[in-house]
Structures are given as structure tokens and as C-alpha cells.
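Colleague: First residue of the sequence shown: 107, per our numbering; consecutive thereafter.
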Amino acid sequence: MKKALLISVLVSGVLFAQQQHIQPDRMKNMADMEVAMANIQKGFLYNNINVVKNGVAQLKETVKFTESFMKEGVGENKINNKMYAHQEAATITKYADEILVTFEKGDRYSAANNYLLILSKCLSCHQTVRSW
Ligand code: HEC
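#1: If you compare alpha carbons, which of N186, E194, I224 and Y190 is closest to E204?
#2: For Q125, which of helix, strand or coil comes out of DSSP?
#3: Could you say which of G179, H192 and M176 lies nearest to K166 if we only look at CA atoms?
#4: Does any heavy atom of the ligand HEC sit closer than 7 Å to the C-beta of E178?
#5: Look at the Cβ atom of D138, then the Cβ atom of T168, and state whether they are nearer than 8 Å.
#6: Threshold first: 4 residues or longer. Then list the alpha helix (DSSP H) segments lying entirely within the stretch 136 to 172, N to C.
#7: Give me the DSSP bridge partner(s) of N186.
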């Protein structure tokens, strides 16, 4: 009974979301970046350079497209979101390269630190660009 209720709540939530302004490509782009980040973390924890390498490559490939989902011009938040996304992507790419360089040297703390810097970039954009 409880399960059925939960499922119906979830289903109506999904239907509701679909009637709203869903943009599957953007969601896919974000979901791919989430997977890339998870892979990088997995590589750290299993101490597997190839997994880190794949995650970094995935992240760099996906973050390139993020700006393509942004509207031209200045948004409600008074920021040029496209330009902002472009800069964020460049910074994330730089930190991603740095993860690989430091991890290859065995400097895992710096690698983890760069990972954290990327994560804060993800979060700061989420806070800034809600109205894109
Ligand atoms: C340039 C801005 C920007 C950057 C940078 C950014 N995001 Fe997002 N992200 C968004 C926006 C806006 C949404 C909300 C999407 C929506 O509601 O359509 C979002 C949503 C998400 C979601 C939820 C998607 C869903 O299905 O609800 C995930 C997961 C996510 N981002 C992961 C990441 C990760 C990981 C990074 C960093 C590697 C990142 N994002 C960087 C703007 C950004």
C-alpha cells in the first residue's frame, strides 16, 4: 500500500516535470558530468589511473557542450550565462587536466583537491544559473 502510494507520487512527479520546461539534452549533459565525476572518484578510491583517466576524458568531453544550452544575452540573474558557462567550462577543464597530472605523480591530495575545486564549480553554477 505504502509502496503503491510512493510509486504514484513518483510517477506524477515525473509527469509533472515533463509538462514543465524539461530539456532532456541539458539533463543528459549534466547526468554525463555526474557520471564522469563519480568515475574520477572511483579511480581515486581504487587507485586506478585508467579509471581516473577515463573520468577526466569524459568530463572534458561533456563540459564542452554545457554552454550550448545557455541562452544568449544577460539572464534574470544579470549575468551573461553563456559567457559564464564558457568560463566555467574552461576552468573545469584546467582542473581536470591537473587531476591527471597530479595523480600520475602520486600526489593524491592535490588530485583530490582539484576534484573538489571542480565540484565547487558545479555547485556555484547551479546556484548562479537557475534562471537560464
Ligand atoms: C554553466 C552552468 C553549470 C555548470 C558548470 C554545471 N551545471 Fe549542472 N546544472 C546546471 C543547471 C542550470 C541545472 C538544472 C537543469 C535543469 O533543471 O534543466 C543543472 C543540473 C545538474 C544535475 C541534475 C540534473 C537532473 O536531471 O536533475 C546534475 C546531476 C548536474 N547538474 C551535475 C553537474 C556536474 C557534475 C557539474 C560539474 C562537473 C555541473 N553540473 C556543472 C548548470 C550547470
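Ideal placement from N, C-alpha and C gives every residue a C-beta, glycine not left out. Quantities reported herein were computed from a predicted structural model and do not represent experimental measurements.
Modeller: According to the data block:
#1: I224
#2: Confidence is the limiting factor: at Q125 the pLDDT is only 48, short of 50, which leaves the residue's position unreliable and the question unanswerable from this model.
#3: H192
#4: no
#5: yes
#6: 155 to 169
#7: V180
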